[in-house]
Structures are given as C-alpha cells and as structure tokens.
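Just so you know, our numbering puts 14 at position 2 of the sequence shown, and the rest follows in order with no gaps. Note that the Cβ used here is the ideal one computed from N, Cα and C, for glycine as well. Here the structure is a predicted model, which means the values were calculated and not measured. Inspection log for the structure reproduced underneath, given as structure tokens.
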Amino acid sequence: DFPFVAGLSDPSKIGGADAGPQEALKAIQDWVQPAQGVNWIAAGVQFTSFELINSNALVVVEFGKHFEIAILGLSRIKLPQAGPVTYAYVELGLEVIIDPTDGLFSATAVITPNSYVIAPACHLTGGFAFFVWFKDQTNGAKAGDFVLTVGGYHPQFNKPAWYPDEPRLGFNWQVSDQVSIKGG
C-alpha cells in the first residue's frame, strides 16, 4: 500500500500521471510528513528475474536525525507465463530495513491475498522473515540475536516478544458454498 510502490503500477496513488509537486505531496501526506532535520531520497526500479518474476522495488534512504535504508517492493510470478489458463499466481510484498542507529537488519516477505494456485479461489497465505540485531535493544533483543522463519513458529516454541509474527504457510480454497479446503 505504500504510495511510492503502489504508484509504480497505479499513478493515481501519487496524485496521477500528470500530477505536479503539490498534488503528489498531498497524495502522500498520510505516509510522508514534513519534519525539521529529516531528509530522504527514493529511487524506484522495475525488473524481471529469470524471465519469470516481475518486480517493482523502491529504495528509500532517510538521513538527518536518524539514518535508515529501506527496500520496499512487490514481486509477481504467473505460471504458465502465457496461455488461456493460469495455474499459479504469486505476489510477494517485500520489505528490507537496514537501521544502523537502532542496530537492526530485517527482511520480510508476505504472500499477498491476490496469490493463488490451481484456481483463483484457492488463496495462498504465508510469510518469511529474517532479522538480525547487532545492538542490544530496549525490547530485550541482544546483539548477535537473529531469527529466520518461514511461515511462523512451531506451536511449542516459546517465541520471544521481539521476534516477528509471520503468517502460516498454507492455502484456503472455497470450492463451493458447501465445500471449503484449508491446509497449512
């Protein structure tokens, strides 16, 4: 939903294709607010990987009172690439944060609700996270602590409060009014 990422495919999210600076600033005011001593730059890129995965990515660097680098994006794959029927469509919302001030590196990817396999009604779910803390945190995380999770944690794992919550890997298929299939 971040307007700079959404604006790559829908210019209305950043004021429209012919928007001037005033219109663009008004469109993003809920996301980017003026602040004294805070500066940022952003650059977007659109690319294809392995001739299969189409991605839009945005790199944002914040500097001034706080230094932080963020990479935000959306990657999509459709299988097969051509033809009248699509058997799988997967969208991943991506976020990478490098925050040396707070001592955190984080990378997350979440399957969007637009994703499906076999039929558009068979929705995929799930998320991935990799976090590394390189400074002690006020929330309890210690320098050197890290976590890697695909689809959350085992039910018997006592998850520390600072570990990210990721959605379970699975699918939800409403086959008909009477039949629903779920898996995880």
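Tell me the residue span of the beta strand (DSSP E) that contains residue i.
{"i": "residue 65", "result": "65-76"}
{"i": "residue 53", "result": "50-61"}
{"i": "residue 161", "result": "158-162"}
{"i": "residue 142", "result": "139-145"}
Opposite residue i in the DSSP bridges: which residues?
{"i": "residue 84", "result": "70, 107"}
{"i": "residue 185", "result": "134, 193"}
Determine the DSSP secondary structure at residue i, reduced to helix, strand or coil.
{"i": "residue 173", "result": "coil"}
{"i": "residue 25", "result": "helix"}
{"i": "residue 38", "result": "helix"}
{"i": "residue 20", "result": "helix"}
{"i": "residue 15", "result": "helix"}
Shortest alpha-carbon distance to residue i belongs to which of the options?
{"i": "residue 189", "options": "133, 169, 163", "result": "133"}
{"i": "residue 120", "options": "89, 163, 148", "result": "163"}
{"i": "residue 64", "options": "51, 90, 50, 98", "result": "90"}
{"i": "residue 72", "options": "48, 44, 94", "result": "44"}
{"i": "residue 155", "options": "117, 141, 173", "result": "117"}
{"i": "residue 130", "options": "74, 33, 92", "result": "92"}
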